[in-house]
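Position one of the sequence shown corresponds to residue 1 (the UniProt record's numbering), numbered consecutively onward.
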Amino acid sequence: MGDFQPRSQPALRRRRQLIQRLFLIGSVSLLLLVLIFPSWRATILPVVSLGLLSSTEDLQLQTVRYYDLSAVQGTADGWEKEERVLMCTPLRDASSHLPMFFSHLRNLTYPHHLIDLAFLVSDSKDNTLEMLSSMLGELQADSDPHMPFGEISVIHKDFGQKVTQDVESRHGFAAQAGRRKLMAQARNWLLSATLRPTHSWVYWRDADVETAPFTIIEDLMRHDKDVIVPNVWRPLPDWLGGEQPYDLNSWQESETALALAETLDEDAVIVEGYAEYATWRPHLAYLRDPYGDPDMEMELDGVGGVSILAKAKVFRAGVHFPAFSFEKHAETEAFGKMAKRMGFSVVGLPHYTIWHLYEPSVDDLRHMEEMEQERKAREKEEKEQAERSERVNTLFQDAKTESEIDNAFVRDDMETKGKEQKASEDSKKPEAESVEEMKADKSSKAPEQEEQKAPEPLKNKNLKDAEEVSAVKPAKE
């Protein structure tokens, strides 16, 4: 009987590799069958998983979604038809505005579950992103079942915006063209990333709106326009007039502006409210009447971006915020012109007003500081007068004659002046004493000289009397 010889190692290795290859090929083939033929999943998954996975609808992968965009065109009573609104808000160094903004969100009367929120945080140096996340968590966890909103998207994307957020920099003429082109990019990024097939409306809202009606979405939606904006003013201190038009980007086109555009370079951007570009356009802001009809409409060509309600179909049709010079405009003003060019209705409400936050300029801050100094000086003077009156009343509690009261005022005034001069007199005391001594010497010498001179006139008078007596006596004889 021969000795047992084990099978060689290369043979075992080849068999093992063959089994691995067959298993890999089978797995890939099964996966391809499942992906290519979704209907096979109901049969294959239970067999492969040994019954651990079922073929119920909950576990089936949905690969096809069907949307009827004719049902999301936007209507005048969207809140009754449960039309969804996408609310977009770009943010940059906005941590100081977020508490005010979230108070407005909570007070909106449009059904919150029909509003999807979208934020774009860009080029911020403060804690805007952290603060936004925290406040959104609190909002969605509110105990009121009607308070939480629908889908919320927070996007972070920097665009290299170098213009600072102070008033002079943001509204300076030199920075307008570049700044607005970057702002247009931010709006387009935010919209393209968050617009869903279920949205009927898009509402753009800045975070620094101070006062606006809680019903603003319904109020604007009721007009059933493709693009609609309210009038935007801002409150001012009383010494600056109390109020002022803020958003001058909502306007009607003028022949002067069209002629001006023909003279500018291809990449030039016309901006309103600057002496460099005198367009003489009718501005929505300047037509406001506090007592006018808030539903009165005005056709517009350019719109401002503080508060815009637009039907989602406008954006789906290709209208966007140009980040380049479109008909010599950019961002929201160019958006209005593009929408108008494509046949959409663009209107504004001159008598429906919301109020933007007042941000003082450098000149305003300087003037406010001067006014504060004047106020403190005035208060100090009034306090001194009150103390003086109190002293006088204390001195004259009983009825006094008018002359006595006048004398009291004089004495009080003299006492006040005496206190003020006391410090200076004390420093000049030695000099004053020497002057007094000199005066005393002169005054002591003057009476002696008078006494010495006095006998001479008396003597002359006696001699004269004697002569008169001698002259009279012979006459009697």
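Glycine included, C-beta positions come from ideal geometry on N, C-alpha and C.
*Taking the Cβ atom as the reference point for each residue, do residue 348 and residue 248 lie within a distance shorter than 7 Å?*
A distance of 7 Å or more separates the beta carbons of residue 348 and residue 248.
*asked:* Measuring straight from C-alpha to C-alpha, what distance separates residue 416 and residue 375?
replied: 24 Å
*With distances taken Cα to Cα, identify the nearest neighbour of residue 209 among 192, 291 and 230.*
230
_If we require 3 or more residues per run, which beta strand (DSSP E) segments fall completely within the segment 285 to 327?_
307 to 311
*Would the beta-carbon of residue 313 be found less than 6 Å away from any heavy atom of the ligand ATP?*
In the structure on display, the ligand ATP does not appear, and there are no ligands present to speak of.
*residue 198 to residue 262, Cα distance in whole Å?*
For residue 198 and residue 262, the distance between alpha carbons rounds to 42 Å.
_Is it buried or exposed, residue 32, if we count other Cβ atoms within 10 angstroms and call 16 or more buried?_
exposed
_Residue environment, residue 14, which counts as buried when at least 16 other CB atoms sit within 10 Å_ = exposed
*asked:* On the DSSP bridge list, what partners appear for residue 116?
replied: DSSP lists 86 as partners of residue 116.
_Here's a check: name, in chain order, each residue in its chain whose Cβ is nearer than 8 Å to the Cβ of residue 136, leaving out the five neighbours to either side._
117, 152 and 154
_Do residue 253 and residue 301 count as a contact pair if the criterion is CB distance below 7 Å?_
yes
*Over the uninterrupted alpha helix (DSSP H) stretch that includes residue 230, give me the two end residues.*
Note, residue 230: premise wrong, no alpha helix (DSSP H); beta strand (DSSP E) at 227 to 235.
*Nearest-angstrom Cα distance between residue 119 and residue 131?*
13 Å
*Straight-line CA distance for residue 180 to residue 28?*
53 Å
*Per-residue burial, residue 353 [other beta carbons within 10 Å of its own, 16 or more giving buried]*: buried
_Please list the terminal residues of the continuous alpha helix (DSSP H) segment that includes residue 104._
98 to 107
*Look up residue 92 in the DSSP assignment and say whether it is helix, strand or coil.*
Correct three-state label for residue 92: coil.
*Can you tell me where the beta strand (DSSP E) with residue 281 in it begins and where it stops?*
Looking at the DSSP string, residue 281 is not in any beta strand (DSSP E), and its letter there is neither H nor E.
_Per the DSSP calculation, residue 478 is bridged to which residue(s)?_
Any question about residue 478 goes unanswered here, given that the chain covers just 1 to 477.
_Comparing C-alpha positions only, which one of 327, 378 and 312 sits nearest to residue 84?_
312
_DSSP three-state assignment for residue 348, whether helix, strand or coil_ = strand
*Could you tell me the distance, in whole angstroms, from the CA atom of residue 106 to the CA atom of residue 99?*
11 Å
*Burial state of residue 454 (16 or more Cβ within 10 Å)*: Residue confidence is low: residue 454 scores 45 on pLDDT, short of 50, so the model does not pin down where it sits. No coordinate-derived value is stated.
*Exposed or buried, what is residue 36 when buried is set at 16 or more other beta-carbons lying within 10 Å of its beta-carbon?*
exposed
*Give the single residue among 77, 386, 384 and 24 whose Cα lies nearest to the Cα of residue 218.*
77
_the segment 377 to 397 contacting the segment 314 to 324, beta-carbon criterion three pairs below 8 Å_ = No, they do not touch.
_Under 7 Å between C-beta atoms of residue 304 and residue 345_ = No, the pair does not count as a contact, with Cβ atoms beyond the cut-off.
*Give me the Cβ distance between residue 308 and residue 204, rounded to the nearest whole Å; I'm assuming they're in contact under 8 Å.*
4 Å between Cβ atoms; contact.
*List the DSSP bridge partners of residue 121.*
91 and 156
*Cβ of residue 177 within 7 Å of Cβ of residue 159?*
no
*Quick one: residues in its chain with C-beta nearer than 7 Å to the C-beta of residue 267, no 5 flanking neighbours on either side, listed in chain order?*
Excluding five sequence positions before and after residue 267, the CB atoms of its chain that fall closer than 7 Å to its own CB belong to 325, given in chain order.
*Contact set for residue 206: own chain, Cβ-Cβ below 6 Å, skip 5 residues either direction*: 306
*Is residue 79 helix, strand or coil when you go by DSSP?*
coil
*Quick one, which of 394, 68 and 321 has its alpha-carbon nearest residue 338's?*
321
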